[in-house]
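Peer 1:
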Amino acid sequence: MRKVQFQTGEYYHIYNRGVDKREVFIDEKDYVRFLIGMKEFNNKSTDSERDYYKRKMIKTKQEAQEEAQEETQLSLGYPRLSCVSS
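The sequence shown: position 75 = 84 (the working numbering), numbered continuously.
1. Assuming residue 18 is part of the alpha helix (DSSP H), what are its boundary residues?
2. Looking at the unbroken alpha helix (DSSP H) that takes in residue 41, where does it start and where does it end?
3. Cα separation between residue 59 and residue 15?
4. Could you round the C-beta distance between residue 34 and residue 43 to whole angstroms and report it? I think they count as a contact, below 8 Å.
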């Protein structure tokens, strides 16, 4: 059990090593995941707000992929194919 109880509004030093003096981050991917987690876990917005922005980000990413695919097809001289889902 922790000897010191953390308090809201205070600053704390976070050590840069793990248990048994092991490295905390194996590679840059681990470090980036940590930073993303810190942002997510400290986010005070509501679930519905987060869901809205996640859907917006997914849609934006899909649109960018579709545009890139269209540009590739046009640059290769292929006709544009459209899919219709039911």
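Backbone N, C-alpha and C fix where the C-beta goes; we use that ideal spot for every residue, glycine too.
Peer 2: Put simply:
1. Numbered from its first residue, the sequence shown carries residue 18 at position 9. No alpha helix (DSSP H) holds residue 18; DSSP gives it neither H nor E.
2. Start at 1 with the first residue of the sequence shown, and residue 41 comes out as number 32. Note, residue 41: alpha helix (DSSP H), 37 to 50.
3. Here residue 59 refers to the residue found at position 50 when the sequence shown is read from its first residue. Here residue 15 refers to the residue found at position 6 when the sequence shown is read from its first residue. Computed Cα separation, rounded: 27 Å.
4. Numbered from 1 along the sequence shown, position 25 holds the residue referred to as residue 34. Numbered from 1 along the sequence shown, position 34 holds the residue referred to as residue 43. Contact holds; Cβ gap of about 7 Å.
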